[in-house]
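Chemist:
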Amino acid sequence: MQQEQLFFSIIIPTYNRPERLTTCLESLTRLDYPWHRFEVIVVDDGSKTPLKDVVARFQDKLNLTLLRQSNAGPASARNAGAATARGKYLAFTDDDCTPASNWLQALETYFTTTPDCAIGGLTLNALPDNLYSTASQILIDYLYQYFNADPLRSRFFASNNFALPAKYFRQIGSFDTSFPLAAGEDRELCDRLLYYGYPMLYAKEAQIYHAHKLSLKTYWRQHFNYGRGAFHFHQLRFRRNSEQIKVEPISFYFNLLKYPFSHSSPQPRLLLAALLCLSQVANVAGFFWERYQVRQTEVGKKDGTSLLEAVSKLTSTREMREMRK
2 MQQEQLFFSI
12 IIPTYNRPER
22 LTTCLESLTR
32 LDYPWHRFEV
42 IVVDDGSKTP
52 LKDVVARFQD
62 KLNLTLLRQS
72 NAGPASARNA
82 GAATARGKYL
92 AFTDDDCTPA
102 SNWLQALETY
112 FTTTPDCAIG
122 GLTLNALPDN
132 LYSTASQILI
142 DYLYQYFNAD
152 PLRSRFFASN
162 NFALPAKYFR
172 QIGSFDTSFP
182 LAAGEDRELC
192 DRLLYYGYPM
202 LYAKEAQIYH
212 AHKLSLKTYW
222 RQHFNYGRGA
232 FHFHQLRFRR
242 NSEQIKVEPI
252 SFYFNLLKYP
262 FSHSSPQPRL
272 LLAALLCLSQ
282 VANVAGFFWE
292 RYQVRQTEVG
302 KKDGTSLLEA
312 VSKLTSTREM
322 REMRK
């Protein structure tokens, strides 16, 4: 008798955060979903301390597989997990996330009616007392409202709450690992899905809680790195469809600054608006910094090529002179 295919493969990249991973796996044991219909694949992206002991605690509670690779970033780790996945659908989350108990059930409900969609769920801030984590989540909320205004024609999902048919993922080539940092590869994957005509659907009922503790320094670095990733995203997009960079209208930024004042939060709204402004400054700074670095690398390669050509010509000239003697 042929074994029934798993419905979901949950893929979790992790790096040097065993405590966070433990909390994440504990939340998966509380999923209101038949355990025999999903598997969990943890991909250790070269953590300093092996995670066998962490994972071993959950082997009798979850259909769990641990993979380990040399440190190559979360995009590479997600791809490694997807390569071994047996589920019909891939569900991506992160080690600092805890899905709600009905997460998989909500995703299945949508896949049952729209089986050929990529689905993104709602991410909630698990650290409302952290000013910077709150500001970062408010920015994501605003981007989801902007890019996914029509849930049936969505355009962007973050990789911490994202599911799609495994066949789609393999057909379009998985996450792009050419990004220098963990910033932008989820945006690029969404753009590639749309380019090839795969629909995307926003499902607010599929919820996860994100516990990303930030300080002013790490908040700046996070959004600076998003800017760096944005530069590479636009480079890849241009190579794919020759589309020039499009700057969002001024209303996008004006409404972004107003956004905290229309939503309840335990944090001061004026400070949140100021941090959203800071995030855009950091993003632009990262974009142009990465652009400068790439240009310098390209100039260096050209100069190196020119030097090699000059040496080659000089060598040829000397050889000709020796032959004439």
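Per the numbering used here, the very first residue in the sequence shown carries number 2; after that it's consecutive.
Think of the CB as a built atom: it goes at the ideal place given N, C-alpha and C, for glycine as much as any other residue.
Keep in mind that this is a model prediction, so the values were computed, not measured.
Exposed or buried, C98, counting other C-beta atoms within 10 Å across all chains shown (16 or more means buried)?
Modeler: buried
Chemist: What does T99 pair with, by DSSP beta-bridge criteria?
Modeler: Y210
Chemist: Within the same chain, show all residues whose beta-carbon is closer than 8 Å to that of L333, passing over the 5 residues directly before and after it, in chain order.
Modeler: Residue numbering for the chain in the displayed model covers 2 to 326; residue 333 lies beyond these limits and cannot be assessed.
Chemist: Please report the residue range of the beta strand (DSSP E) in which N256 lies.
Modeler: Here N256 belongs to no beta strand (DSSP E); instead the alpha helix (DSSP H) covers 251-259.
Chemist: Specify the secondary structure class of Y196 as computed by DSSP and reduced to three states.
Modeler: helix
Chemist: If you draw a straight line from the C-alpha of V312 to the C-alpha of S71, how long is it?
Modeler: In this prediction, V312 has a pLDDT of 44, which is less than 50 and means its spatial position is unreliable; nothing more can be read from the coordinates.
Chemist: How is K205 classed by DSSP in three states: helix, strand or coil?
Modeler: The DSSP-derived three-state label of K205 is strand.
Chemist: Please name the residue or residues paired with A92 in a DSSP beta bridge.
Modeler: I11, A164
Chemist: Would you call the stretch 182-195 and the stretch 206-216 touching, i.e. three or more CB-CB distances under 8 Å?
Modeler: no
Chemist: With a cut-off of 8 Å on the beta carbons, I'd call L65 and A119 a contact; round off their distance for me.
Modeler: With a Cβ gap of about 25 Å, L65 and A119 do not count as contacting.
Chemist: Rounded C-beta distance between N149 and I209? I'm assuming under 8 Å.
Modeler: Actually they do not touch by this definition, with Cβ atoms about 16 Å apart.
Chemist: According to DSSP, which residues form a beta bridge with E40?
Modeler: S10
Chemist: Where do the N-terminal and C-terminal ends of the beta strand (DSSP E) with I120 fall, by residue?
Modeler: 119-126
Chemist: Of all the beta strand (DSSP E) runs that stay within the bounds of the stretch 133-161, which reach a length of 3 or more residues?
Modeler: none
Chemist: In angstroms, rounded to a whole number, what distance separates the CA positions of Y197 and P269?
Modeler: 43 Å
Chemist: Using the Cβ count rule (16 or more neighbours within 10 Å means buried), how would you classify F253?
Modeler: exposed
Chemist: For the beta strand (DSSP E) holding L1, just list the boundary residues, first then last.
Modeler: Limits of the chain in this structure are 2 at one end and 326 at the other, which puts residue 1 out of reach.
Chemist: Using only CA atoms, which one of D45, A57, T50, P51 lies nearest to E27?
Modeler: A57
Chemist: With a cut-off of 8 Å on the beta carbons, I'd call A167 and K89 a contact; round off their distance for me.
Modeler: 6 Å
Chemist: By Cβ distance, which residues of its chain are closer than 8 Å to T219, with the 5 residues on each side in sequence left out?
Modeler: Y133
Chemist: For the alpha helix (DSSP H) containing T24, list its first residue and its last residue.
Modeler: Taken as a continuous stretch (DSSP letters only), the alpha helix (DSSP H) holding T24 covers 19-30.
Chemist: Flag this pair as yes or no: are the beta carbons of V55 and I13 separated by less than 7 Å?
Modeler: Not a contact, by the Cβ cut-off of 7 Å.
Chemist: Check each candidate in A207, Y16, R18 and name the one with the smallest Cα separation from S102.
Modeler: A207
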